[in-house]
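What follows is a single structure, written as structure tokens, with notes after it.
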Amino acid sequence: MSTLRQYELVYIVSPNATDEVVAELHTQVEAIVGKFDGRIEKTENWGKRRLAYEVNRCKEGTYVLELLSGSGEMVTELERRLRVAEDVLRHLVVRVDEELHVAERTATRRAETRERRRAARGLPPEAPTARAPVEAAAKEGE
Amino acid sequence: MAGKRSGGRKDSKKKKDDRGGKKSGLFRRRKVCRFCVEKVDYIDYKDARMLLPFIPERGKIQPRRLSGTCATHQRKLQTAIKRARQLALVPYVTD
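As they're listed, the protein sequences go chains Y and V. When the count follows numbering that gives the first Met the number 0, it moves up by one through the first sequence with no breaks and lands on 141 for the last residue. When the count follows numbering that gives the first Met the number 0, it moves up by one through the second sequence with no breaks and lands on 94 for the last residue.
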């Protein structure tokens with residue numbers, strides 16, 4: 000089996016479509032994801048929102064966000080199906096695992112640096128409030 | 000009195016230093032990357048409200064020299080805006 004990757008899928012459903020159509024699309028996505036041994040981590044319906052520009056003569060649309068994990072083949076199939084679906088105005092699939100990984104790494108590195116610098120200044124590690132110790136240090140320096 | 004004069008000279012010198020390298024004689028605040036200040040690691044394309052300050056009236060992406068964003072964050076911002084455009088969260092152009 001191919002490696003599991005994390006994706007974000009956002010699709011915009013036509014404003015003329017009923018709630019059932021939206022639900023139907025969701026089940027379709029679910030079926031495809033299930034077929035490729037993927038998983039839906041989270042589904043978010045943003046409701047009807049104004050579009051920044053007209054798409055297929057529509058000024059608004061229902062946004063649905065799905066967080067998925069699965070293989071690349073799953074995404075190919077999803078994209079193919081979404082492109083064919085008439086009620087879907089737009090869709091976008093973004094692979095997020097690498098970006099989130101990078102973000103996480105920068106966050107931990109920043110925390111480490113802060114900790115190291117605190118230690119270098121002879122301050123106790125991990126203070127309850129960030130500001131109070133800094134002010135105390137400034138007073139000490141004077 | 001002599002002391003007073005030297006003090007005055009010192010001040011004027013300092014002013015000149017502050018202004019060095021600026022195009023006009025006006026004092027301008029140094030721009031700081033907003034994402035660095037807020038310690039943002041991931042610029043989310045779904046959050047249109049966060050992207051909007053970087054999209055002036057025309058719909059173009061504001062250049063770094065105007066917004067003061069650092070290179071790393073400008074790059075991330077650019078991808079985020081382009082993704083948001085595809086999803087009609089943010090305009091391509093506005094007239």
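Think of the CB as a built atom: it goes at the ideal place given N, C-alpha and C, for glycine as much as any other residue.
Would you mind stating whether residue i and residue j have Cβ atoms separated by less than 7 angstroms?
i: residue 49 of chain Y; j: residue 62 of chain Y; result: no
i: residue 68 of chain Y; j: residue 5 of chain Y; result: yes
i: residue 40 of chain Y; j: residue 66 of chain Y; result: yes
i: residue 89 of chain V; j: residue 83 of chain V; result: yes
i: residue 7 of chain Y; j: residue 95 of chain Y; result: yes
i: residue 43 of chain Y; j: residue 24 of chain Y; result: no
i: residue 40 of chain V; j: residue 110 of chain Y; result: no
i: residue 54 of chain Y; j: residue 87 of chain V; result: yes
Who pairs with residue i in a beta bridge, going by DSSP?
i: residue 6 of chain Y; result: Y:67 and Y:94
i: residue 107 of chain Y; result: Per DSSP, none; premise fails for residue 107 of chain Y.
i: residue 93 of chain V; result: Partner(s): none; residue 93 of chain V has no beta bridge.
i: residue 62 of chain Y; result: Y:11 and Y:46
i: residue 89 of chain Y; result: Y:11
i: residue 54 of chain Y; result: Y:57
i: residue 39 of chain Y; result: Y:67
Any idea what DSSP makes of residue i, helix, strand or coil?
i: residue 10 of chain V; result: Its pLDDT being 44, under 50, residue 10 of chain V is placed unreliably in this model, and the coordinates cannot settle the point.
i: residue 25 of chain V; result: coil
i: residue 84 of chain Y; result: coil
i: residue 83 of chain V; result: helix
i: residue 34 of chain Y; result: helix
i: residue 17 of chain Y; result: coil
i: residue 68 of chain V; result: coil
Using C-beta distances below 6 angstroms, list every residue in its chain close to residue i, excluding the 5 sequence neighbours before and after it, in chain order.
i: residue 72 of chain V; result: 32 and 34
i: residue 11 of chain Y; result: 60, 62, 88 and 89
i: residue 20 of chain Y; result: 86
Give the single residue among the options whose Cα lies nearest to the Cα of residue i.
i: residue 54 of chain V; options: V:44, V:80, V:37 and V:26; result: V:80
i: residue 85 of chain V; options: Y:51, Y:42, Y:64 and Y:25; result: Y:51
i: residue 70 of chain Y; options: Y:34, Y:23, Y:119 and Y:113; result: Y:34
i: residue 45 of chain V; options: Y:124, Y:92 and Y:86; result: Y:92
i: residue 56 of chain Y; options: Y:15, Y:20 and Y:21; result: Y:15
i: residue 75 of chain V; options: V:30, V:42 and V:37; result: V:42
i: residue 66 of chain V; options: V:38, V:30 and V:56; result: V:30
Residues in the same chain with beta-carbon distance under 7 angstroms from residue i, minus the five sequence neighbours each way, listed in chain order, please.
i: residue 31 of chain Y; result: 73, 76, 77 and 80
i: residue 58 of chain Y; result: 49 and 50
i: residue 77 of chain V; result: 60
Along chain A, which residues have their Cβ under 8 angstroms away from the Cβ of residue i?
i: residue 98 of chain Y; result: No chain A appears in the structure shown, which is made up of the protein chains Y and V.
Closer than 8 angstroms by C-beta to residue i: which residues in its own chain qualify, once you throw out the five before and the five after it? Chain order, please.
i: residue 45 of chain Y; result: 61, 62, 63 and 64
i: residue 70 of chain V; result: 63
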